[in-house]
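To start, the structure itself, in structure tokens.
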Amino acid sequence: MSMNIFRLAGDMSHVFSIIVLLLRLRVAKNAQGVSVRTHELFLVVFVTRYLDLFTTYYSLYNSIMKILYIGSTASIVYTIKFQEPIKSTYDVMKDTFLHWKFAVAPCVVVATITHLVGSGLADFDLMELLWTFSIYLESIAILPQLIVLQRYQEVENLTGNYIFFMGSYRFLYILNWIYRAHTEEHYRHHWVVYFCGVLQTLLYADFFYYYLKSKSTGGKFQLPTAN
Numbered sequence: 005m006s007m008n009i010f011r012l013a014g015d016m017s018h019v020f021s022i023i024v025l026l027l028r029l030r031v032a033k034n035a036q037g038v039s040v041r042t043h044e045l046f047l048v049v050f051v052t053r054y055l056d057l058f059t060t061y062y063s064l065y066n067s068i069m070k071i072l073y074i075g076s077t078a079s080i081v082y083t084i085k086f087q088e089p090i091k092s093t094y095d096v097m098k099d100t101f102l103h104w105k106f107a108v109a110p111c112v113v114v115a116t117i118t119h120l121v122g123s124g125l126a127d128f129d130l131m132e133l134l135w136t137f138s139i140y141l142e143s144i145a146i147l148p149q150l151i152v153l154q155r156y157q158e159v160e161n162l163t164g165n166y167i168f169f170m171g172s173y174r175f176l177y178i179l180n181w182i183y184r185a186h187t188e189e190h191y192r193h194h195w196v197v198y199f200c201g202v203l204q205t206l207l208y209a210d211f212f213y214y215y216l217k218s219k220s221t222g223g224k225f226q227l228p229t230a231n
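Structure (structure tokens):
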């Protein structure tokens, strides 16, 4: 994948979102309002997508980013689930989305159908199937986190910033695809990636509205609560 300003900005936004969340956990010693289930989904996304670390070398930058995403996400999951006093502040009663049943399982089915329709049994490729699965899963991985936020009256500042930078990462990657389609002569379009990228960005739309509204007014950041 060629580098451009939109891809670089998207990657940096993604990295910054992870740094913000890790700082929030390490400094505040508090996991209230954070969904560990979202990060378990992201960990599955990164592990299944980046298995090519063991088979293909693209660049030092590419390898470092892949290792960073896997390692930092695993660290977030471990910190929330096993490290005190953070573990005791995690509210499992609010983080109840059945992510294995309603996120992972459906994405396995859809990815398998997509791969078989596109390639057929004769050209079945497990790595390609896992990559397709990761694209589908990433598009909805933020759902448990958004549900958790709506169950709180108020969103903590660093948590809000973390979600904002996560959403910005995907939006910037859409701009990256548009830019590459117009500047690279033999750019290969991937409609599954486009669909999932747009879906993922749309899931953040309501959050973005209230986030920017709170920043513009200087008021507290609050989402409509699910009663």
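Residue numbers for the sequence shown follow this note's numbering, so the first one is 5 and each next one is one higher. For every residue, glycine included, the Cβ atom is placed at its ideal position computed from N, Cα and C.
query: Complete runs of the alpha helix (DSSP H) confined to the stretch 161–225 [at least 4 residues]; result: 161–187, 195–207 and 209–221
query: Outcome for residue 165 when other beta-carbon atoms lying within 10 angstroms are tallied against a minimum of 16; result: buried
query: Nearest residue (CA-CA) to residue 199, options 154, 59 and 143; result: 143
query: Proximity winner among 175, 52 and 173, relative to residue 140 (alpha-carbon distances); result: 52
query: Residue 74 beta carbon near the ligand COA (any heavy atom closer than 7 Å); result: Absence of the ligand COA from the depicted structure is noted, as is the absence of any ligand whatsoever, leaving it without description.
query: Sequence-distant residues of the same chain with beta carbon closer than 8 Å to residue 74, five excluded per side; result: 47, 50, 51 and 54
query: Check whether residue 193 and residue 185 have beta carbons under 8 Å apart; result: yes
query: Beta-carbon spacing of residue 93, residue 161 below 8 Å; result: no
query: Complete runs of the alpha helix (DSSP H) confined to the stretch 65–140 [at least 4 residues]; result: 90–93 and 109–123
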